[in-house]
Amino acid sequence: MSAELTYLFDDWLAITRRLRELIRRDVPQSWMWGASHLNETIQQMCHALTDVWYLDGQDGRATRRHIGVAKVGPITMELLQRNNALRTEFHQALLKVKREQPDLWLDTSLRLARRARAVQGELADEGLVRLHLKQFSRTLPLLERRPDKISFTWYQSGRSIKRLTRDQVLQKLEDYGTDKPHIDLQYRKVASLPDSEPFAQVQQQAPLIRANVRYPEGDREAFNAALPIFIPLEEGGGYSFPEIVPPPDRPPTTRTRARRSDQKLEDEPFVPSLRVYRYR
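Residue numbers (UniProt numbering): 1 to 280.
#1: Measuring straight from C-alpha to C-alpha, what distance separates LEU131 and VAL72?
#2: Leaving aside the five residues before and after residue 322 along the sequence, list all residues of the same chain whose C-beta is less than 8 angstroms from its C-beta, in chain order.
#3: Please report the straight-line C-alpha distance between HIS91 and SER137, rounded to a whole angstrom.
#4: For ARG278, which option in HIS66, GLN156, GLN81 and LYS162 has the closest C-alpha, if you only look at C-alpha atoms?
#5: Going by the CB atoms, is the gap between ALA226 and ARG99 shorter than 8 angstroms?
#6: Cα-Cα, which of ARG20, THR50 and LEU94 is closest to ALA3?
#7: From the DSSP output, which residues share a beta bridge with VAL276?
#8: Give every residue of the same chain whose Cβ lies closer than 7 angstroms to the Cβ of GLY8, excluding the five residues on either side of it in the sequence, and list them in chain order.
#9: Figure out for me which residue from ASP267, LYS172 and ARG159 has the closest Cα to the Cα of PRO207.
#10: By Cβ distance below 6 angstroms, which residues in the same chain neighbour TYR176 in space, the five residues on each side in sequence not counted?
#11: Among the residues of its own chain, which have a CB less than 8 angstroms from the CB of ALA222, if the five just before and after it don't count?
#12: Counting only C-beta atoms, is ASP219 closer than 8 angstroms to chain D at any point?
#13: Considering Cα atoms alone, identify which of LEU170, TRP53, GLN204 and GLN203 is closest to SER192.
#14: Hey, which unbroken runs of the alpha helix (DSSP H) at 4 residues or more fall wholly within the segment 175–237?
#15: Could you check what DSSP says for THR153 in three-state terms: helix, strand or coil?
#16: Thinking C-alpha only, which one of ASP148, GLU235, ASP195 and ARG24 is nearest LEU164?
#17: Using alpha carbons as the reference points, say which of PRO228, THR153, PRO28 and GLY218 lies closest to CYS46.
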């Protein structure tokens, strides 16, 4: 099973190396958020293809954004499609490994990093330690048609909510250490409630970048865009680069989605150390 991951990863490395060569040589028009000239744009776009590793001290829940747009020819687009397929296939195989052989993953991840160093020397100084699974499993947005406008906006999606039982909350507090006075106080508050009391643990979601795409025919689509968007190069010329509207420099400080009218949680956390709330 580990060998399957290695084969898939080697295929991805080979395709990614070829893609970087093609983008450096044959991308007639491109744009990257924050790039000031063409060479920087191409450099950032190539980096986006291989930015799949943890950095020192990085929060495993955080991922890095690479916002951009490029026109590419049919060969490049075909390789991009294969790149996406390999990322998805690798991720599915990895989930199976972690489910059936959880102790195998760390060794496999370190071995893949060593293979990346050997195959792509330019990555040797980027501090490769282990694969960042959330970043690797992201696929590149590939458009089948050429749009006339792409607008990027921040999207504050709010929060994720995980339902917990009273015993689960108590166990989490015990793991924190009830010898600490503030943890002990929260533990006793929860323990005083009935066994059937439900709780909700709330995780604030990081703001996302959304791409709003408009086509010449007037139809539109929108999707999350953490990686560069690739659009097909026209046959025979005559097509201009789409109008690009960059996102604001910083995300909004408030939610961009309206608060649900059926809000069921109390306004203040009942267990602040765990971001745990009671239901109303």
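Idealized CB from N, CA, C, for every residue including glycine.
From the atom records:
#1: 28 angstroms
#2: Shown here, the chain extends from 1 to 280; a query on residue 322 therefore has no answer.
#3: 6 angstroms
#4: LYS162
#5: no
#6: LEU94
#7: GLN201 and VAL271
#8: The sequence shown places Leu at residue 8, rather than the Gly named in the question. LEU86, GLU89, PHE90 and ALA93, listed in sequence order.
#9: ARG159
#10: ILE183
#11: ARG210, ALA211, ASN212 and VAL213
#12: Of the chains in the structure shown, none is chain D; there is only one protein chain.
#13: LEU170
#14: 181–191
#15: strand
#16: ASP195
#17: PRO228
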